[in-house]
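Q: Residue numbers (our numbering): 1089 to 1296. Backbone N, C-alpha and C fix where the C-beta goes; we use that ideal spot for every residue, glycine too. Note that the structure is predicted; figures quoted are calculated from it, not measured. Submitted below is the structure of interest, expressed as structure tokens.
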């Protein structure tokens, strides 16, 4: 907790829906790393690749029913092809928002894992880069990091590469690499361990 009279409110939604699917609620606790709850008015779930609702594991954020601010069409899209491709292409008749998340069955909170079109998929194992960042952020030697995928030349496979920006006074070395690999394997799984971990002098950021 920061202070008993301070509301720490994280939100997530989109400019296209002019709304939030989830956010803060002063009547429920705040749990580290989680957005407090799904909002009223939207029938939200997290689905796996087969369209099955999942909890406590990564999935696609979906909305099962129409909601008040749902866009109904795109300009210059007479037959609705672009609109359907943007939101209804993954699951027939169900809005897929393009976010990768994990809903906690105990708290009702939501852990956002990044854009689903930017998820990592080494050897068919799909996960979000935020899962890696959650572990790496625990290392005081690391100032920042960026986790990306690298496709094979034939495009049939990919590997995960983790770049580390070291904190002032800390040096990149095998001890750091080994420790990070061990923590990722312990707190996530062996399948999450990056194939390559490299040092980087700086990391580009968007203005937002």
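Could you pull out every residue in the same chain whose Cβ sits closer than 6 Å to the Cβ of residue 1235, ignoring the five residues on either side in sequence?
A: The answer, listed in chain order, is 1217, 1220, 1250.
Q: Look up residue 1183 in the DSSP assignment and give the residues it is bridged to.
A: Paired residues: 1151.
Q: Tell me whether the beta-carbon of residue 1188 lies closer than 8 Å to the beta-carbon of residue 1182.
A: No, Cβ-Cβ distance for residue 1188 and residue 1182 is not below 8 Å.
Q: Over the uninterrupted alpha helix (DSSP H) stretch that includes residue 1246, give me the two end residues.
A: Residue 1246 -> not in any alpha helix (DSSP H); beta strand (DSSP E) instead, spanning 1246–1254.
Q: If you draw a straight line from the C-alpha of residue 1261 to the C-alpha of residue 1233, how long is it?
A: Roughly 15 Å between the two C-alpha positions.
Q: Taking only the alpha-carbon atoms, compute the straight-line gap between residue 1127 and residue 1284 and give it to the nearest angstrom.
A: Going from the Cα of residue 1127 to the Cα of residue 1284 covers about 39 Å.
Q: So, with DSSP's three-state summary, where would you put residue 1210?
A: Helix.
Q: Could you say which of 1253, 1270, 1109 lies nearest to residue 1154 if we only look at CA atoms?
A: Checking every option, the nearest Cα to that of residue 1154 belongs to 1109.
Q: Mind checking residue 1193: buried by the 16 CB within 10 Å criterion, or exposed?
A: When all chains shown are included, residue 1193 counts as exposed.
Q: If contact is defined by three or more beta carbon pairs under 8 Å, each pair taking one atom from either stretch, is the stretch 1202–1215 in contact with the stretch 1238–1250?
A: These segments touch.
Q: So what does residue 1190 bridge to, in DSSP terms?
A: Partner(s): 1199.
Q: Classify residue 1282: buried if its beta carbon has 16 or more other beta carbons within 10 angstroms, exposed otherwise.
A: The residue is buried, with at least 16 neighbouring Cβ atoms inside 10 Å.
Q: For a quick check, are the C-beta atoms of residue 1186 and residue 1156 less than 8 Å apart?
A: No, they are not a contact pair.
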